[in-house]
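Asker: Counting with my numbering, you get residues 52 to 393 for the letters of the sequence shown. Handing you a structure now.
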Amino acid sequence: MENLDKRVPLITDALQRPLRDLRISVTDRCNFRCRYCMPEEVFGPNYRFLPQEKLLSLQELERLTRIFVSLGVEKVRITGGEPLLNKDVGEIIYRIRHMDGVKDIAVTTNGSLLKHKAKELREAGLERITVSLDSLDDERFGAMNGRGFSVKGVLEGIDAAASVGLSVKVNMVVQKGVNDQDIVPMAKYFRERGHILRYVEFMDVGNSNGWNLKHVVPSKKIIEIIHKEMPLERVESNYIGEVATRYRYQGSREEIGLISSVTQAFCSTCTRARLSAEGHLYTCLFASDKTDLLSVIREGASDEDLRLLIVQVWGMRQDRYSETRLAQTTPAHKVEMSHIGG
Ligand code: SAM
Ligand code: SF4
Ligand code: SF4
């Protein structure tokens, strides 16, 4: 296992965590209305998305990313909203992929536009992609995505991505009583196709998804359910700070992953900063505070000013929400998931 801690970090936060990853939301818009993320009642026809002039331009996004990379970021994830709705997504990938210091770039998408975009993304230099899919059942999936999108469209997107040479992982958010019956069918389907499926515990992101601990299927339970049908064995992490816990089907090379942010928090190794589409820096998925980097840029800040500001914000970072979630007595007002992209 590669030991991240052996490398000397350029900057560390108040809990000695380096800055290694940057998640960039390239749009606040989405064509889905997943109930756990952008429920229609909140994100309906009257919801006001950000106007173009309030969004980071391509140049601003590139400039900020370069500064983050100069401070230690090596991995970048492009997310949203739905990132493939951004017409510049190929150009964004190309520019970041070719920055000195960037070792890895990935995209998280709902897959609905992937069939038509896969080739462009690959040509921009993308090597891997994460597609979110919560069920293989059209009725359940259509209800979960809130807009009746079909499973077939997403599966075609996944096939298109694999056929142009992208390595594909699939994320499934599991909710008790909603799609837990899909745990095994999803495992079988993606095992046969050689794509790693990652089960994500339903999280209390934002303020609009009506989260309740009772709706979470703990990863331990998910493992038990799959193990009964297809025996599993634990696989060592690739590196410290890897978000997913890995398991392999016994006697094979196919794997699954579990992202257990609720039942086994991983804040102590969290090296992720998040940049929203309007250029706000968040130091935690559950943050309520942000730093408006776009305004600072538009007021004429130099690269050095921006670097110092980020160093200062990161230096004060103490976030460890998932480790303290269950002890919290008053609900905090948190940023929405669709704003900073998971
Ligand atoms: N639209 C893209 C997509 O769905 O892949 C990217 C943005 S989405 C916010 C990023 C990831 O967050 C998706 O895999 C989605 O399933 C996950 N997500 C959203 N809300 C969640 C929640 N309440 N709990 C766990 N995961 C969630
Ligand atoms: Fe859109 Fe992704 Fe949120 Fe679903 S999870 S509403 S696809 S941003
Ligand atoms: Fe990182 Fe915040 Fe999630 Fe903890 S709760 S792992 S600090 S994003």
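Cβ atoms here follow ideal geometry from the backbone N, Cα and C, with glycine treated the same way. For clarity, every value in this text was computed on a predicted model and none was experimentally measured.
DSSP state of PRO60, grouped into three classes?
Answerer: Locating residue 60 in the sequence shown gives position 9, where the first residue counts as 1. Correct three-state label for PRO60: coil.
Asker: Identify the residues that DSSP records as bridge partners of SER218: which are they?
Answerer: Here residue 218 corresponds to residue number 167 of the sequence shown, with the count starting at 1. DSSP, once it has assigned bridges, lists ARG179 as partnering SER218.
Asker: For SER373, verify whether its CB is less than 7 Å away from any heavy atom of ligand 2.
Answerer: Along the sequence shown, read from residue 1 onward, the residue named residue 373 stands at position 322. For ligand 2, not one heavy atom lies less than 7 Å from the Cβ of SER373.
Asker: What are the uninterrupted segments assigned as beta strand (DSSP E) that are 3 or more residues long and contained completely in the stretch 231-257, given in chain order?
Answerer: 247-252, all fully within the stretch 231-257.
Asker: Excluding the 5 residues preceding and the 5 following MET265 in the sequence, name in chain order all residues of the same chain whose CB lies nearer than 8 Å to its CB.
Answerer: The residue labelled residue 265 in the question sits at position 214 within the sequence shown. The question names Met, but residue 265 is Lys in the sequence shown. Taken in chain order, the residues that qualify are LYS227.
Asker: Would you grab the beta carbon distance between ASN230 and SER186 for me? Rounded to a whole angstrom, and I think it's under 8 Å.
Answerer: What you label residue 230 is simply residue 179 of the sequence shown in a count that begins at 1. What you label residue 186 is simply residue 135 of the sequence shown in a count that begins at 1. Going by Cβ atoms, the distance from ASN230 to SER186 rounds to 5 Å, so yes, they are a contact pair.
Asker: Sorry if obvious, but does the Cβ on SER329 come closer than 7 Å to a heavy atom of ligand 1?
Answerer: Taking the first residue of the sequence shown as 1, we reach residue 329 at position 278. It is Glu, not Ser, that sits at residue 329 in the sequence shown. No, Cβ of GLU329 sits at least 7 Å from all heavy atoms of ligand 1.
Asker: Does GLN103 come out as helix, strand or coil in the three-state DSSP assignment?
Answerer: Stepping through the sequence shown from its first residue, residue 103 is reached at position 52. DSSP places GLN103 in helix when its eight states are reduced to three.
Asker: Relative to the C-alpha of ARG368, which candidate in THR296, CYS321, THR160 has its C-alpha closest?
Answerer: Locating residue 368 in the sequence shown gives position 317, counting from the first residue. Per the Cα distances, CYS321.
Asker: Under 8 Å, with one C-beta from each stretch per pair, do the stretch 102-117 and the stretch 339-359 reach the 3-pair mark?
Answerer: With the cut-off at 8 Å, the stretch 102-117 and the stretch 339-359 touch.
Asker: Could you have a look at ILE156 and say whether DSSP puts it in helix, strand or coil?
Answerer: The sequence position of residue 156 within the sequence shown is 105, counting from 1. Residue state, collapsed to three classes: strand.
Asker: Just mark TYR87 as buried or exposed, buried being the case when its beta carbon has 16 or more other beta carbons within 10 Å.
Answerer: Here the question's residue 87 lines up with position 36 in the sequence shown. Classification for TYR87: buried.
Asker: So TYR372 is in the alpha helix (DSSP H); what residue range does that whole segment cover?
Answerer: Mapped onto the sequence shown, residue 372 falls at position 321. Where TYR372 is concerned, the enclosing alpha helix (DSSP H) stretches over 372-375.
Asker: What does ARG285 pair with, by DSSP beta-bridge criteria?
Answerer: Taking the first residue of the sequence shown as 1, we reach residue 285 at position 234. Note: ARG285 sits in a beta bridge opposite TYR298.
Asker: Could you give the distance in angstroms between the alpha-carbon of THR63 and the alpha-carbon of LEU326?
Answerer: Mapped onto the sequence shown, residue 63 falls at position 12. Mapped onto the sequence shown, residue 326 falls at position 275. Spanning the two alpha carbons is a distance of roughly 18 Å.
Asker: With H, G and I counted as helix, E and B as strand and the rest as coil, what does DSSP make of VAL224?
Answerer: On the sequence shown, residue 224 is found 173 positions in, with the first residue counted as 1. Note: VAL224 maps to strand in three-state DSSP.
Asker: Could you check whether the Cβ of SER311 sits closer than 7 Å to any heavy atom belonging to ligand 1?
Answerer: To locate residue 311, count along the sequence shown from 1; it is residue 260. No, the Cβ of SER311 stays beyond 7 Å of every heavy atom of ligand 1.
Asker: Starting from the Cα of MET254, find the closest Cα among VAL225, LYS239, GLU280 and give me that residue.
Answerer: Looking up residue 254 in the sequence shown gives position 203. Taking only the C-alpha atoms, the option nearest MET254 is VAL225.
Asker: According to the neighbour-count rule (16 or more other Cβ atoms, all chains shown, within 10 Å of its Cβ), is HIS470 buried or exposed?
Answerer: For residue 470 there is no data in the structure shown, the boundaries of the chain being 52 and 393.
Asker: Could you pull the DSSP bridge partners for LEU332 from this structure?
Answerer: Here residue 332 refers to the residue found at position 281 of the sequence shown. Answer is LEU326, THR342, bridged to LEU332.
Asker: Exposed or buried, what is GLY292 when buried is set at 16 or more other beta-carbons lying within 10 Å of its beta-carbon?
Answerer: Residue 292 sits at position 241 when you count from the first residue of the sequence shown. Buried, since its Cβ has 16 or more Cβ neighbours within 10 Å.
Asker: Within 10 angstroms of the Cβ of ASN196, are there 16 or more other Cβ atoms? Answer buried if so, exposed if not.
Answerer: Here residue 196 corresponds to residue number 145 of the sequence shown, with the count starting at 1. Per the 10 Å Cβ criterion, buried.
Asker: Whose C-alpha, out of GLU91, ILE75, ARG74, is nearest the C-alpha of ASN82?
Answerer: Taking the first residue of the sequence shown as 1, we reach residue 82 at position 31. If we check each option's Cα against that of ASN82, GLU91 comes out closest.
Asker: Rounded to whole angstroms, what is the Cα-Cα separation between GLY261 and VAL93?
Answerer: Counting from 1 along the sequence shown, the entry for residue 261 is found at position 210. Counting from 1 along the sequence shown, the entry for residue 93 is found at position 42. The alpha-carbon atoms of GLY261 and VAL93 are separated by roughly 12 Å.
Asker: Verify the contact flag: GLY176, CB atom, against every heavy atom of ligand 4, threshold strictly below 7 Å.
Answerer: Ligand 4 is absent from the structure shown, which contains only ligand 1, ligand 2 and ligand 3.
Asker: Taking the C-alpha atoms as reference points, what is the distance between ASN222 and ILE180?
Answerer: For the purposes of this step, residue 222 is taken as residue 171 along the sequence shown, with counting starting at 1. For the purposes of this step, residue 180 is taken as residue 129 along the sequence shown, with counting starting at 1. Distance between the alpha carbons of ASN222 and ILE180: 11 Å.
Asker: Run the proximity test for ALA194: is its beta-carbon closer than 7 Å to any non-hydrogen atom belonging to ligand 3?
Answerer: Reading the sequence shown from its first residue, position 143 is the one you call residue 194. No, Cβ of ALA194 sits at least 7 Å from all heavy atoms of ligand 3.
Asker: In this structure, how does DSSP classify VAL127 when only helix, strand and coil are distinguished?
Answerer: Residue numbering aside, residue 127 sits at position 76 when the sequence shown is read from its first letter. Reduced to three states, the DSSP call for VAL127 is strand.
Asker: Can SER163 and HIS390 be called in contact, C-beta distance under 8 Å?
Answerer: Residue 163 sits at position 112 when you count from the first residue of the sequence shown. Residue 390 sits at position 339 when you count from the first residue of the sequence shown. Their beta carbons are not under 8 Å apart, which means SER163 does not touch HIS390 by this criterion.
Asker: With 16 as the cutoff for other CB atoms within 10 Å, does GLU275 come out buried or exposed?
Answerer: Here residue 275 refers to the residue found at position 224 when the sequence shown is read from its first residue. Exposed, by the Cβ-count rule.
Asker: Considering only their Cβ atoms, is the gap separating ARG148 from GLY176 smaller than 8 Å?
Answerer: Locating residue 176 in the sequence shown gives position 125, counting from the first residue. Locating residue 148 in the sequence shown gives position 97, counting from the first residue. A contact, by the Cβ cut-off of 8 Å.
Asker: Say whether the stretch 237-254 touches the stretch 306-320, bearing in mind that this needs 3 or more beta-carbon pairs closer than 8 Å, one atom from each stretch.
Answerer: As far as the Cβ criterion goes, the stretch 237-254 touches the stretch 306-320, which means the pair count is three or higher.
Asker: Nearest to ILE143 by CA position, among ARG173, ASN161, SER121, is which residue?
Answerer: Counting from 1 along the sequence shown, the entry for residue 143 is found at position 92. Closest by alpha carbon: ARG173.
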